[in-house]
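A.B. asks: Let me begin by handing over the structure; questions about it come next.
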Amino acid sequence: MIIYYVPCPDQKSAENIACTLLTEKLIACANIIPGMTSMYWWDGKIETASEYILILKTLESSDAGKNLESRVKELHPYEVPCLMALPVASINDSFKNWLEQSLK
Numbered sequence: 024m025i026i027y028y029v030p031c032p033d034q035k036s037a038e039n040i041a042c043t044l045l046t047e048k049l050i051a052c053a054n055i056i057p058g059m060t061s062m063y064w065w066d067g068k069i070e071t072a073s074e075y076i077l078i079l080k081t082l083e084s085s086d087a088g089k090n091l092e093s094r095v096k097e098l099h100p101y102e103v104p105c106l107m108a109l110p111v112a113s114i115n116d117s118f119k120n121w122l123e124q125s126l127k
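As numbered in my numbering, residues 24 to 127 make up the sequence shown, in order.
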């Protein structure tokens with residue numbers, strides 16, 4: 024299993040990305056967490072923005088995982104979206120089985 028961390032500008036874009044990826048079976052699950060404050064450099068100055076955290080769950084070895092990055096880039100409204108892959112050290116068997124079945 025691998026988890027992707029993807030900040031989004033609003034609930035609507037996070038839901039759109041999640042729904043599309045679920046429909047295309049590129050992910051088995053998505054979580055959307057509102058209320059994150061981000062601070063970052065953009066065009067030579069420090070910016071602050073309210074964002075939504077989109078957490079995507081898939082299998083690293085699947086075709087889904089391989090196609091996920093390019094699909095998120097197509098769907099995301101940011102010029103430079105963050106798509107950070109976080110490997111999972113351990114996962115319970117029942118959840119792993121559910122993930123595998125969901126991506127078929």
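Using N, Cα and C, we set each Cβ at its ideal position, and we do this for glycine too.
If residue 41 and residue 55 are in contact, beta carbons under 8 angstroms, what's the gap, nearest whole angstrom?
C.D. replies: Their Cβ separation, rounded to whole angstroms, is 7 angstroms, which keeps residue 41 and residue 55 in contact under 8 angstroms.
A.B. asks: Can you give the beta carbon distance from residue 114 to residue 79, rounded, assuming they're within the 8 angstroms contact cut?
C.D. replies: Residue 114 to residue 79, Cβ: 15 angstroms. No contact.
A.B. asks: Relative to the alpha-carbon of residue 66, which residue among 81, 103, 39 and 93 has its alpha-carbon at the smallest distance?
C.D. replies: Checked all of 81, 103, 39 and 93; the closest Cα to residue 66 is 103.
A.B. asks: Note down the Cα distance separating residue 90 from residue 121, rounded to an integer number of angstroms.
C.D. replies: Distance between the alpha carbons of residue 90 and residue 121 is about 20 angstroms.
A.B. asks: Can you check whether the CB of residue 74 is closer than 7 angstroms to the CB of residue 61?
C.D. replies: It is a contact, given that the beta carbons lie within the stated cut-off.
A.B. asks: Compute the beta-carbon to beta-carbon distance between residue 123 and residue 77, rounded to the nearest angstrom, for a pair I have assumed lies under 8 angstroms.
C.D. replies: Not a contact, Cβ separation roughly 22 angstroms.
A.B. asks: Would you mind listing the beta strand (DSSP E) stretches within the region 97-126 that are 3+ residues and don't spill past its ends, in chain order?
C.D. replies: Counting only runs of 3 or more, we get 107-110.
A.B. asks: Helix, strand or coil: how does DSSP classify residue 49 here?
C.D. replies: Residue 49: coil per DSSP, three-state reduction.
A.B. asks: Flag this pair as yes or no: are the beta carbons of residue 110 and residue 36 separated by less than 7 angstroms?
C.D. replies: No, these two residues do not count as a Cβ contact at 7 angstroms.
A.B. asks: Would you mind working out which of 96, 126, 45 and 31 sits nearest residue 57, comparing C-alpha positions?
C.D. replies: Residue 57 has its Cα closest to that of 31, out of 96, 126, 45 and 31.
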